[in-house]
Amino acid sequence: MHGGSSPAVKAAAARRLEVAAVEADVRAVIASEGLEGVTNPLEALAKLATESLAMKTALAARVNALQEITTTSKLGVEGLKAEVALYERALDRTAKFLDLLAKSGFEERRLRLDEQTAGMFVTVMRNVLARLDLTPAQQALVGTVVPDELRALDV
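Below, the structure written as structure tokens:
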């Protein structure tokens, strides 16, 4: 036997078809969530990391559902099932995305932005309350009512 008739070539072709089927299934699940254009590259990278984590989780479920992680082709060639190989790739890809995010200082930037937003909110609240000309009793309530309402948001 030679070329396209060899067991190894046939096994590789069957494996490519199996991998393509699994990838199509997982992509269909992820694609149903919808995507937007890139306006913030770091936010887009974070979304890619999230999508990669979702794919890893979906593939992990498929791997966990397998009775065996290896398969033997009709030609007697043994190999890992497509789900296992895809899961391993998803692990590597997810690790790379998370490493990029960590190196970019993404969380520190997000924290600074959250702190700036909170600072603006406090300034606006102070200005609004000052303009309302509240009585001393109402002013005293602000210190308890505002924190209570913020906690009630549960964000």
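For the sequence shown, counting from 1, position 58 maps to 858 in my numbering; every step adds exactly one. No residue lacks a Cβ here, since even glycine has one placed at the ideal position from N, Cα and C.
message: Can you tell me which residues form a DSSP beta bridge with residue 878?
response: In the sequence shown, residue 878 corresponds to position 78, counting from 1. DSSP, once it has assigned bridges, lists 872 as partnering residue 878.
query: How is the alpha helix (DSSP H) around residue 908 delimited, first residue to last?
result: One-based indexing of the sequence shown puts residue 908 at position 108. Its alpha helix (DSSP H) spans residues 906 to 931.
- request: With DSSP as the reference, label residue 935 as helix, strand or coil.
  value: Locating residue 935 in the sequence shown gives position 135, counting from the first residue. If DSSP states are grouped into helix, strand and coil, residue 935 belongs with coil.
- prompt: Is the region 925 to 933 in contact with the region 875 to 885, if contact means three or more CB pairs nearer than 8 Å?
  reply: no
- prompt: From 947, 833, 922 and 925, pick the residue whose C-alpha is nearest to that of residue 854; which is it?
  reply: Within the sequence shown, residue 854 is the residue found at index 54, counting from 1. It is 833 whose Cα lies nearest to the Cα of residue 854.
- prompt: Does DSSP put residue 888 in a helix, in a strand, or in coil?
  reply: Reading the sequence shown from its first residue, position 88 is the one you call residue 888. In the structure shown, residue 888 sits in a helix (DSSP, three-state: H, G or I).
message: Within 10 Å of its beta-carbon, does residue 817 have 16 or more other beta-carbons around it, so buried, or fewer, so exposed?
response: For the purposes of this step, residue 817 is taken as residue 17 along the sequence shown, with counting starting at 1. So residue 817 counts as exposed.
field: Three-state class that DSSP yields for residue 840 in the structure shown
entry: Counting from 1 along the sequence shown, the entry for residue 840 is found at position 40. Looking at residue 840 - three-state DSSP - the assignment turns out to be coil, as it is neither helix nor strand.
field: residue 915 Cβ short of 7 Å to the ligand HEM heavy atom set
entry: With respect to the ligand HEM, the structure shown offers nothing to examine, as it has no ligands at all.
message: Within 10 Å of its beta-carbon, does residue 805 have 16 or more other beta-carbons around it, so buried, or fewer, so exposed?
response: As a working note, residue 805 is residue 5 in the sequence shown. Counting Cβ neighbours within 10 Å, residue 805 comes out exposed, since fewer than 16 surround it.
field: Buried or exposed by the 16-neighbour rule on C-beta atoms within 10 Å, applied to residue 903
entry: Numbered from its first residue, the sequence shown carries residue 903 at position 103. Classification of residue 903: exposed, given that the 10 Å Cβ count is below 16.
task: Go ahead and label residue 896 buried or exposed: buried means 16 or more other beta carbons lie within 10 angstroms of its beta carbon, across all protein chains shown.
output: Working through the sequence shown from its first residue, we reach residue 896 at position 96. Result: exposed.
query: Cβ atoms of residue 920 and residue 946: under 8 Å apart, would you say?
result: Here residue 946 is taken as the residue at index 146 of the sequence shown, counted from 1. Here residue 920 is taken as the residue at index 120 of the sequence shown, counted from 1. No; because the gap between Cβ atoms is not below 8 Å, this pair is not in contact.
query: Where do the ends of the alpha helix (DSSP H) carrying residue 825 lie?
result: The residue labelled residue 825 in the question sits at position 25 within the sequence shown. In the DSSP assignment, residue 825 falls within the unbroken alpha helix (DSSP H) covering 807 to 831.
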